[in-house]
Amino acid sequence: MTTIERSIFIEAAPEAVTAVTEDANRFPTWFTGVEKVESVGDWPTVGSVVHMHMKSPGLAFKLTFTSLEHVAGEKSVAKMEGLSNGTNSWLYKLEDGGTAVSYKLEYNLSDGAKGQAMDKLVAERANEISIEQSLNNLKALVEGK
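Terminal number for the sequence shown in my numbering: 1237, no gaps in between.
So this is what it looks like as structure tokens:
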């Protein structure tokens, strides 16, 4: 299993950060690679589902996320299924007048044809870059910069 963890400090209250990260319709505005979102249920309520249509160089695919745990303003955990399978976790901590945001992605590439066609190291590096860009996009969006 591959694990990628990244953090960023955002000069805003946790509620301002989660107003963006927990609004599935806003994912395409800041999360790199998300082209379109279809939400089923009241995301991120436990059990709700989001289908994300993703695009990366030379590859278009769909990922399905199911909310496993949600504590408003503190934590959100979702199961991910599709080209890669695993979990992603968001942690929010009030710190120095802002929010320390931590993101953790744990996954395996699927056994399907697309999963086999992707080189594990190439996929890992692409995911690292996407996550770093996404966190920077989130920071800029929430801070209004």
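Glycine included, every Cβ here is placed at the ideal spot set by N, Cα and C. Since this is a predicted model, take the numbers as computed values, not measurements.
| Asked | Found |
| --- | --- |
| Methionine 1146 - partner residues in DSSP beta bridges | Val1126, Phe1153 |
| Cβ-based burial, glycine 1125 [other Cβ within 10 Å; buried from 16] | buried |
| Close-in-space but distant-in-sequence residues of the same chain around glutamate 1224 (CB under 7 Å, 5 per side omitted) | Arg1098 |
| Beta-carbon proximity list for glutamate 1130, same chain, < 6 Å, skipping 5 on both sides | His1143 |
| Alpha carbon of tyrosine 1184 to alpha carbon of proline 1136, nearest angstrom | 15 Å |
| Rounded Cβ spacing between glycine 1165 and threonine 1110 (contact assumed at less than 8 Å) | 6 Å |
| Euclidean distance between Cα positions of leucine 1201 and asparagine 1229 | 25 Å |
| Whole-number beta carbon distance between glutamate 1220 and isoleucine 1096, since they are thought to touch under 8 Å | 6 Å |
| For glutamate 1173, the three-state DSSP class (helix, strand or coil) | strand |
| Buried/exposed call for arginine 1214, threshold 16 Cβ in 10 Å | Before going on, a small fix: residue 1214 reads as valine here, not arginine. Flag for valine 1214 reads exposed. |
| Cut-off 6 Å between Cβ atoms - residues of its own chain near lysine 1167, not counting five sequence neighbours on either side | Leu1183 |
| Beta-carbon contacts of serine 1140 that lie in its chain and below 8 Å, excluding the five residues immediately before and after | Ser1131, Val1132, Gly1133, Asp1134, Thr1158, Ser1159 |
| Rounded straight-line distance, which links the Cα of phenylalanine 1153 to that of leucine 1175 | 7 Å |
| Rounded Cβ spacing between tyrosine 1248 and glycine 1178 (contact assumed at less than 8 Å) | The shown model of the chain, from 1093 to 1237, leaves out residue 1248, and the question about it has no answer. |
| Alanine 1232: first and last residue of the uninterrupted alpha helix (DSSP H) it sits in | 1212-1235 |
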